[in-house]
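Peer 1:
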Amino acid sequence: MKSTKEEIQTIKTLLKDSSTAKYHKRLQIVLFRLMGKSYKEIIELLDCNQTTIWPTVKKYEEFGLDSLLQETRGGRKHAYMTIEEEKAFLARHLKAAEAGEFVTIDALFQAYKKELGSSYTRD
Numbered sequence: 001m002k003s004t005k006e007e008i009q010t011i012k013t014l015l016k017d018s019s020t021a022k023y024h025k026r027l028q029i030v031l032f033r034l035m036g037k038s039y040k041e042i043i044e045l046l047d048c049n050q051t052t053i054w055p056t057v058k059k060y061e062e063f064g065l066d067s068l069l070q071e072t073r074g075g076r077k078h079a080y081m082t083i084e085e086e087k088a089f090l091a092r093h094l095k096a097a098e099a100g101e102f103v104t105i106d107a108l109f110q111a112y113k114k115e116l117g118s119s120y121t122r123d
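In case it helps, the working numbering puts the sequence shown at residues 1 to 123.
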């Protein structure tokens, strides 16, 4: 992996910054690769797995340093509706509740399953 002195210095500076502490492992991985360390050496130095190192280095090579400083966890990975569909679904049932209808969790769940049709797999 080819590097410049500026890249290495930038990463070293970020490693001293406590606001980037949660990204230090990623930064260390890239720093060590830029310094010519092998995957095996990085595994021993950082006590991490090659399945962590390789994607981190690849992400850096493809998208740059900023890609390492972004949170990648979380999100709606298993959502069955888009946010807009969910808002519309809940708005309909909120109107019913405001009109005096007794809305229960079970009723919401049954309506949810009906709206999703066969795409819903949990039962």
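We put the CB at the ideal spot given by N, CA and C, even for glycine.
(1) Taking 8 Å as the cut-off, decide whether the C-beta atoms of E61 and L34 are in contact.
(2) Could you give the distance in angstroms between the alpha-carbon of T51 and the alpha-carbon of T82?
(3) Taking C-beta to C-beta, are Y80 and L116 nearer than 8 Å?
(4) Beta carbon of T10, beta carbon of L65: below 8 Å?
(5) Please confirm whether T72 and V30 have their CB atoms less than 8 Å apart.
(6) Can you have a look at F102 and say buried or exposed, based on whether 16 or more other CB atoms are within 10 angstroms of its CB?
(7) Output the distance between the C-alpha atoms of G100 and K77, rounded to the nearest integer angstrom.
(8) Looking at K16 and L46, is the spacing between their C-beta atoms short of 8 Å?
Peer 2: Once the coordinates are examined:
(1) no
(2) 31 Å
(3) yes
(4) yes
(5) no
(6) By the 10 Å Cβ count, F102 comes out exposed.
(7) 35 Å
(8) no
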